[in-house]
Structures are given as structure tokens and as C-alpha cells.
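Asker:
Residue numbers (this note's numbering): 51 to 227.
(1) Would you decide whether residue 82 is buried or exposed? Buried here means 16 or more other CB atoms lie within 10 Å of its CB.
(2) Rounding to the nearest angstrom, what Cα-Cα distance links residue 206 and residue 158 in this structure?
(3) Looking at the secondary structure, which residues open and close the beta strand (DSSP E) in which residue 184 lies?
(4) What are the start and end residues of the beta strand (DSSP E) that includes residue 89?
(5) Cutting at 6 Å between CB atoms, please list the residues of its own chain near residue 89, excluding the five before and the five after it.
(6) Relative to the alpha-carbon of residue 212, which residue among 182, 175, 168 has its alpha-carbon at the smallest distance?
(7) With a CB to CB cut of under 7 Å and the five nearest residues on each side skipped, what residues in its chain are close to residue 53?
(8) Span of the beta strand (DSSP E) holding residue 165?
(9) Measuring from the CB of residue 170, is there a heavy atom of the ligand HEM at a distance below 7 Å?
(10) Rounded to whole angstroms, what's the CA-CA distance from residue 142 to residue 173? Just pull it up for me.
(11) Looking only at its own chain, which residues have a Cβ that is under 7 Å from the Cβ of residue 197, when we skip the five neighbours before and after it?
(12) With 16 other CB atoms within 10 Å as the buried threshold, where does residue 188 fall?
(13) Below 8 Å CB to CB, which residues in the same chain sit around residue 183 once its five sequence neighbours on both sides are set aside?
(14) Measuring alpha carbon to alpha carbon, tell me which of 177, 148, 199 ends up nearest residue 138.
And the structure:
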């Protein structure tokens, strides 16, 4: 019995033609993730983007006023302005949760963070929304200059999550879902 057997429990022969041994880990405490190399300036770039977006005047406006416009234009519509506004805020809240967790994990200038499936589309959605706001001349929001560093992380995240390779880590290392 080896040290891994003592730490992880009994192993079984590797599955699907894979040589070696296979360990069964509890799904309640372990999850499949994508390990992503990250640099401190990339995390800081996302933090700056989140701060700039939070400091800019809200784009959604008053939900009651928006609902009134929907009702006037579309009649008794099925569109719920409050639900629409909440849907617009969701990528920002999720991005903030992910970036805050990564910021806590990264203790050096370079490190590894773990991305769950769905992390890339969440961050991409938030970044696209910020870019749209930046291009809208009626919107006061401006992309921070330092955000250029964040695009490298976004690209690396896209490449890693489109690959089939995933790692298994303890859920203590992951942001809450």
C-alpha cells in the first residue's frame, strides 16, 4: 500500500485503457476544473474593469420607467423590465465573484487559478458588455487603459476551456457556485 492509497483510499485499475491506477474522489468535495496560468497584472486589469463599471452611471435606468416604456410600445407585453435588468447585472456579479477569488488565490506575480466550466462565457459576456458601453457615445463608461492586460487572460481562458484536459481539485480551492 502506497502513500496515495493511505491518503485517497483504495485505488482501482485505470479505466478506458489508461495505464496505471485510478482513485475515486467524492464528488461533494472535488470538481473538474481548467488550470489557468495567470499574472498579477491580468487579475488587476479585471479588478480595474469591475471598478470602472461600478463607478460609471448605471445603464439600466429605472426599472419602473423601463417597464412603462415596454408597456406603451408593446402593449401588455411579456417583457419584465426588472427581470431584464437583473439578467444584465448577472455577468458582472459572477465576474466579480470569480475575480475576487482568483485575486485571493494569487499570492505571487505568476500563479495558477482554477476555472470551472462556464467561467469563460461569464467573463466574456461581462467584457463584451463593457466594450459595448465603451463604444456607446451616450454612455459615460470608459474601458480602463490597464484592461489590455486582461485580454491575455481571457484568451488563455478560452484556449484552456476549449481543450479537453481538465484537472480535479478540492472544492476549497474554488469560488462558490
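Every residue gets a Cβ at the ideal spot worked out from N, C-alpha and C, and that includes glycine.
Answerer: So, to answer that:
(1) Here the question's residue 82 lines up with position 32 in the chain shown. Looking at its Cβ environment, which holds fewer than 16 other Cβ atoms inside 10 Å, residue 82 is exposed.
(2) Reading the chain shown from its first residue, position 156 is the one you call residue 206. Reading the chain shown from its first residue, position 108 is the one you call residue 158. Pairing residue 206 with residue 158, the inter-Cα distance amounts to about 19 Å.
(3) Mapped onto the chain shown, residue 184 falls at position 134. From DSSP, residue 184 is part of no beta strand (DSSP E) but of the alpha helix (DSSP H) over 169-185.
(4) Locating residue 89 in the chain shown gives position 39, where the first residue counts as 1. Per DSSP, residue 89 belongs to the beta strand (DSSP E) from 80-89.
(5) Residue 89 sits at position 39 when you count from the first residue of the chain shown. 160, listed in sequence order.
(6) Numbered from its first residue, the chain shown carries residue 212 at position 162. Residue 168 is the option with its Cα nearest to residue 212.
(7) Walking along the chain shown from the start, residue 53 turns up at place 3. Annotation note: pLDDT 45 at residue 53 (below 50); position unreliable, no value reported.
(8) Counted from its first residue, the chain shown places residue 165 at position 115. Judged by DSSP secondary structure, residue 165 falls within the beta strand (DSSP E) whose first and last residues are 160-165.
(9) Absence of the ligand HEM is noted for the structure shown, with no ligands found whatsoever.
(10) Along the chain shown, read from residue 1 onward, the residue named residue 142 stands at position 92. Along the chain shown, read from residue 1 onward, the residue named residue 173 stands at position 123. Using only the alpha carbons, I get a separation of about 8 Å.
(11) Numbered from 1 along the chain shown, position 147 holds the residue referred to as residue 197. These residues qualify, in order along the chain: 95, 98, 99.
(12) As a first step, residue 188 must be located in the chain shown, where it is residue number 138. With fewer than 16 Cβ atoms within 10 Å of its Cβ, residue 188 is classed as exposed.
(13) The sequence position of residue 183 within the chain shown is 133, counting from 1. So the qualifying residues of the chain are 103, 106, 109, 189, 191.
(14) Locating residue 138 in the chain shown gives position 88, counting from the first residue. The shortest Cα separation from residue 138 among 177, 148, 199 belongs to 177.
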